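2 protein chains.
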Amino acid sequence: MSTADSVKVFGPATVANVSCGFDILGFALDEPGDIVTAHKTDSSGLSFSCLQAKALGIPVDSELNTASAPAAKLLKDLGYRGGVHLELQKNMPIGSGLGSSAASAAAALVAVNRLLDSPLSREELVPYAVEAERIACGAAHADNVAPAIVGGFVLIRSSDPLDIVSLPCPENLHCSVVHPHIVLETRHSRDILKKSIPLRSAVTQWGNTAALVAALFMNDLQLLGRSLQDVVIEPERSQILPGFEKARSAALGCGALGFGISGSGPSLFALSESEAIANLAASKITEVFQDLRIQSEAFVGRVNAEGAKIVEDQH
Amino acid sequence: MSTADSVKVFGPATVANVSCGFDILGFALDEPGDIVTAHKTDSSGLSFSCLQAKALGIPVDSELNTASAPAAKLLKDLGYRGGVHLELQKNMPIGSGLGSSAASAAAALVAVNRLLDSPLSREELVPYAVEAERIACGAAHADNVAPAIVGGFVLIRSSDPLDIVSLPCPENLHCSVVHPHIVLETRHSRDILKKSIPLRSAVTQWGNTAALVAALFMNDLQLLGRSLQDVVIEPERSQILPGFEKARSAALGCGALGFGISGSGPSLFALSESEAIANLAASKITEVFQDLRIQSEAFVGRVNAEGAKIVEDQH
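Residue numbers (this note's numbering), protein chains in the order written: chain A, 2 to 316; chain B, 2 to 316.
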């Protein structure tokens, strides 16, 4: 493959935590997502632009932006002396619990890597994005960035040192995501968590995370459904999410395998064994928010197996 | 298959907990184990005998013994009106952390089930043995009895309701078990555990349990090794196990993938990728106890994939 002069990449939204897998599990979605275009320039160093930056309150300083900062580090590590311009098209809602900053970082890293003829593997790009998450939320989490870059379900065995494992995903598994227009701060959402938990609850949780992983390998959707239970984080966080219990009943009532908070919320997700059930679950959850006079948007699709996607590659 | 008149079954020792999998994981060994012989009698009901009962302090009342009590319940549930005699040959050390009562229960249940022409599957026998564990240790745990009956690595997603998942096992995985002659009470060993744990430790633990399961499915022994870490239970229990740290260093120093406490101890186990390393680890751990003037016995073998084994089946 010859080197591209301009690369456009879609960085996908991701569902982190996945009920029982707090801080260790995430999967990628087909939509929504951000678009990053990277092209070579005649100058040197990295420049960055985002048309919606002012409107969305995104920093345009390339050292602070979660798309450009990891890309700059990547260029530096690769010893690239030429110029690169990154343009971010921010389509994803910020503070949605859908990994907005991770989507931008994934798109930027995959674009820049491709621009330089892919010297690094997808897995090797993940640490750069983890560093960017530290900028965005004050802690180095990989449960959004890893699936946004490599796709599918990803297990983060350890964040430090980083140790990620790509898990298989049943083909007929469909996800419904509903993003209610409520403002939650990720930091606040972490602050409400108790610092210690009962050993009994912890055992229940690691039984479920272990079984969830087994279910993915075994393609056993019933086991997957039984495992999608969070006895530790959800009881705390659901308290600050209006409509949570009703949305859960609605989703499970129409046959979804499991339901939970996407990341630290406010978005909610359901996993289902068919597109029909996933569509129904999405509309039922949406109705719950309509009744509460809360606007929301819904997305339904398969789990995105490939992660960030090169949509244009020009020479 | 015609009905047997006499069946002799070997019930294997098991390693429960397996480092990070406290209360949710266990695997079966090839040795040691107990032998139960079941034969039909002309009377009705279940009778029970064990030559070593007095010497070992095992109850011979068939309602209280962990081999006969679940077998009696099984016969009752199956509506069997004839007579059955169970003879237990107790080869396993009691209070070793190797699932001694589970080995007896597994052997008795598989023997009685076979005597009646196997009306139940192995999985269906597990709940009977879980009930027997309640007699033995005051709590209904399946992490010894499930692998003792069905073999291999078994995940217990939930004890109540019982939900068990058989996991694959890498073929070249070898286990070293060393039983030091120290007396620990299981109840005491549970009492020293803290009732609540830091959320951070819990997350580390469920990252490791999830990765351990993935490693078994992926046949990835290096990942298995990285996952065999217990940051919750081992730091507490190892305090009452003389020689623990030295034994760990010795096992890992000669190349074992992981090392930990078997069940609630005092037995220790190591998992290795070859028989040679497993033998070396066993002898190095044994030396640690020799230096402490503690007698011990060692067992080395593959993980036992079939569980309790019918060794004689006479018509």
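Heads up, the beta-carbon is just placed ideally off N, CA and C, and yes, glycines get one too. Computed from a predicted model, the values in this text were never measured in an experiment.
Would you mind stating whether residue i and residue j have Cβ atoms separated by less than 9 Å?
| i | j | result |
| --- | --- | --- |
| A/Ile241 | A/Ser190 | yes |
| A/Ala257 | A/Phe290 | no |
| B/Thr210 | A/Thr210 | yes |
| A/Leu1 | A/Ala56 | Because chain A here runs from 2 to 316, residue 1 of chain A falls outside it and cannot be looked at. |
| A/Arg123 | A/Val131 | no |
| A/Gln230 | A/Ser20 | yes |
| A/Gly12 | A/Ala73 | no |
| B/Ile95 | B/Ile59 | yes |
| A/Ala1 | A/Leu126 | Coverage of chain A is limited to positions 2 through 316, which leaves residue 1 of chain A absent and any answer about it impossible. |
| B/Ser177 | B/Val301 | yes |
| B/Val204 | A/Phe49 | no |
| A/Glu1 | A/Ser102 | Outside the shown range of chain A (2 to 316) lies residue 1 of chain A, about which nothing can therefore be said. |
| A/Asp314 | A/Ala5 | yes |
| B/Lys195 | B/Glu237 | yes |
Tell me the rounded alpha-carbon separation between residue i and residue j.
| i | j | result |
| --- | --- | --- |
| B/Ser97 | B/Val184 | 8 Å |
| B/Ala283 | B/Gly244 | 14 Å |
| A/Leu99 | A/Ser263 | 6 Å |
| B/Ile286 | A/Ser45 | 60 Å |
| A/Ser159 | B/Leu156 | 21 Å |
| A/Gln53 | A/Thr67 | 15 Å |
| B/Pro33 | A/Phe260 | 44 Å |
| A/Ser119 | A/Leu174 | 31 Å |
| A/Met2 | B/Ala212 | Reliability fails at A/Met2, whose pLDDT of 44 lies under 50, so the model's placement of it is uncertain and the value that follows must be treated cautiously. Spanning the two alpha carbons is a distance of roughly 35 Å. |
| A/Gly27 | A/Val214 | 12 Å |
| B/Ser273 | B/Pro267 | 20 Å |
| B/Glu298 | B/His182 | 8 Å |
| B/Asp78 | B/Ala143 | 20 Å |
| A/Ile311 | A/Ile278 | 30 Å |
| B/Val85 | A/Ser167 | 52 Å |
| A/Glu276 | A/Ala147 | 25 Å |
| B/Gln90 | A/Gly208 | 34 Å |
| B/Tyr81 | A/Asn18 | 50 Å |
| B/Glu165 | A/Gln223 | Going by the sequence as given, residue 165 of chain B is Ile instead of Glu. For B/Ile165 and A/Gln223, the distance between alpha carbons rounds to 13 Å. |
| B/Ser69 | B/Leu121 | 17 Å |
| B/Glu288 | B/Asn280 | 12 Å |
| B/Asp161 | A/Leu253 | 21 Å |
| A/Arg227 | A/Ser250 | 15 Å |
| B/Cys51 | A/Asn220 | 45 Å |
So what does residue i bridge to, in DSSP terms?
| i | result |
| --- | --- |
| B/Glu64 | Bridge partners of B/Glu64: none, in fact. |
| B/Arg303 | B/His175 |
| B/Asp164 | B/Ser159 |
| A/Ala39 | A/Val8, A/Leu87 |
| A/Asp314 | A/Val8 |
| B/Glu298 | B/His180 |
| B/Phe260 | B/Ala271 |
| A/Ile198 | B/Ile198 |
| A/Ala17 | A/Gly27 |
| A/Ser265 | Paired residues: none, contrary to the question. |
Using only CA atoms, which one of the options lies nearest to residue i?
| i | options | result |
| --- | --- | --- |
| A/Ser197 | B/Met219, B/Val233, B/Val214, B/Pro169 | B/Val233 |
| B/Pro169 | A/Phe218, A/Val113, A/Val146 | A/Phe218 |
| B/Glu307 | B/Leu117, B/Gly58, B/Glu172 | B/Glu172 |
| B/Val304 | B/Gly153, B/Leu269, B/Ala106 | B/Gly153 |
| B/Asn114 | B/Thr38, B/Ser297, B/Phe270 | B/Thr38 |
| B/Asp35 | B/Gln223, B/Ala252, B/Glu88, B/Ile165 | B/Glu88 |
| A/Ile193 | A/Leu222, A/His180, A/Glu235 | A/Glu235 |
| B/Leu163 | B/Pro128, B/Ala216, B/Ala203, B/Leu281 | B/Pro128 |
| B/Gln296 | B/Ala309, B/His180, B/Ala216, B/Ser202 | B/His180 |
| B/Leu225 | B/Ala271, B/Glu313, B/Ser239 | B/Ala271 |
| A/Leu117 | A/Gly139, A/Cys138, A/Gly83 | A/Gly83 |
Looking at chain E, is there any beta carbon in it that lies within less than 9 Å of the beta carbon of residue i?
| i | result |
| --- | --- |
| A/Leu293 | In the structure shown, chain E does not exist; the protein chains are A and B. |
Contacting positions in the stretch 208-223 of chain A - beta carbon closer than 7 Å to chain B
Taken in chain order, the members of the stretch 208-223 of chain A whose beta-carbon sits within less than 7 Å of a beta-carbon on chain B are Gly208, Asn209, Thr210, Ala211, Ala212, Val214, Ala215, Phe218.
Interfacial residues, the stretch 115-149 of chain A to chain B, with Cβ spacing under 8 Å
Within the stretch 115-149 of chain A, no residue has a Cβ that lies closer than 8 Å to any Cβ of chain B.
Residues within the stretch 259-288 of chain A neighbouring chain B, beta-carbon criterion of under 7 Å
Result list empty, no residue passes.
Which residues of the stretch 158-169 of chain A have a Cβ closer than 8 Å to any Cβ of chain B? Give them in chain order.
Hits within the stretch, in order: Arg158, Ser159, Asp164, Val166, Leu168.
Using a beta-carbon distance cut-off of less than 9 Å, what residues from the stretch 22-39 of chain A approach chain B?
Flagged, chain order: Gly22, Phe23, Asp24, Ile25, Leu26.
Residues within the stretch 174-208 of chain A neighbouring chain B, beta-carbon criterion of under 9 Å:
Close to chain B, meaning a Cβ-Cβ distance shorter than 9 Å, are the following residues of the stretch 174-208 of chain A: Leu194, Lys195, Lys196, Ser197, Ile198, Pro199, Leu200, Arg201, Ser202, Ala203, Val204, Thr205, Gln206, Trp207, Gly208.
Chain A contacts from the stretch 224-236 of chain B (Cβ-Cβ distance under 8 Å):
Within the stretch 224-236 of chain B, Leu224, Arg227, Ser228, Val233 place their CB atoms closer than 8 Å to a CB of chain A, listed in sequence order.
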